[in-house]
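Q: Have a look at this one before I ask anything.
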């Protein structure tokens, strides 16, 4: 069903993300919010849930924002480390999901941004709610020059989650190649980051040098 066929009942997508802009850092994960805004512009209803260890400049513990079809639930955690931090995150996620179900209703699709923990949560929720989950990867850690995709458990869990996702999208073909080089087996769908063409346009002058950013 296309959004145009469901104007009175748009498809509801739940975004789970590792990074997202907040009052504490308005630039962190801005590209994820741009994806959410692009989805709502296409007629989908998007709910974003994001937990952060950053502290709100005014000491707030949570934020609720609504921009048309886009709804954001942002939770500022107490910090901490170890087991205490894990339990705090689990309690907050449980509270957030209950609130989403009560206020926004059950989603039709879970869209996890940035592997691996948010995608695992997406799989778990999708299993319980009997709905599909998909993954979009933005992170450049898979490039061999970055040396950030390491650890046997991390690699195993990432491969395990990818096999269970209904679809995996990446923001560039180069990133897809890097992930395949790391033995992550999936059929990539390219979903580029959003660019405001009113602000950014290709230069009319050609340059002999190139800078790779993704």
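Numbering (the working numbering), first residue to last: 997 to 1210. For glycine and all other residues, C-beta sits at the position ideal for the given N, C-alpha and C.
State the start and end residues of the unbroken beta strand (DSSP E) segment that holds residue 1059.
A: For this step, residue 1059 is matched to residue 63 along the chain shown. Where residue 1059 is concerned, the enclosing beta strand (DSSP E) stretches over 1058 to 1063.
Q: So, does the region 1029 to 1038 touch the region 1124 to 1131, judging by three or more C-beta pairs under 8 angstroms?
A: These segments do not touch.
Q: When DSSP labels each residue in this structure, what does residue 1141 get in the three-state scheme?
A: Locating residue 1141 in the chain shown gives position 145, where the first residue counts as 1. Note: residue 1141 maps to coil in three-state DSSP.
Q: Just the Cα atoms here: how many angstroms apart are residue 1086 and residue 1200?
A: Position 90 of the chain shown, counting from 1, holds the residue named residue 1086. Position 204 of the chain shown, counting from 1, holds the residue named residue 1200. Between residue 1086 and residue 1200, the C-alpha separation is close to 51 angstroms.
Q: Let's test the definition: count the other Cβ atoms within 10 Å of the Cβ of residue 1146 and tell me whether it reaches 16, buried, or not, exposed.
A: Counted from its first residue, the chain shown places residue 1146 at position 150. Exposed, by the Cβ-count rule.
Q: Would you mind sorting residue 1010 into buried or exposed? The rule is 16 or more other CB atoms within 10 Å of its CB.
A: Residue 1010 sits at position 14 when you count from the first residue of the chain shown. Classification for residue 1010: buried.
Q: In the DSSP assignment, the beta strand (DSSP E) including residue 1007 goes from what residue to what residue?
A: Walking along the chain shown from the start, residue 1007 turns up at place 11. No beta strand (DSSP E) contains residue 1007, which DSSP labels as neither H nor E.
Q: In chain order, which continuous runs of the beta strand (DSSP E) of length 3 or greater are located wholly inside the region 1091 to 1128?
A: Runs found: 1105 to 1109.
Q: Are the CB atoms of residue 1133 and residue 1110 within a distance shorter than 8 angstroms?
A: Position 114 of the chain shown holds residue 1110. Position 137 of the chain shown holds residue 1133. Taking 8 angstroms as the Cβ cut-off, residue 1110 and residue 1133 qualify as a contacting pair.
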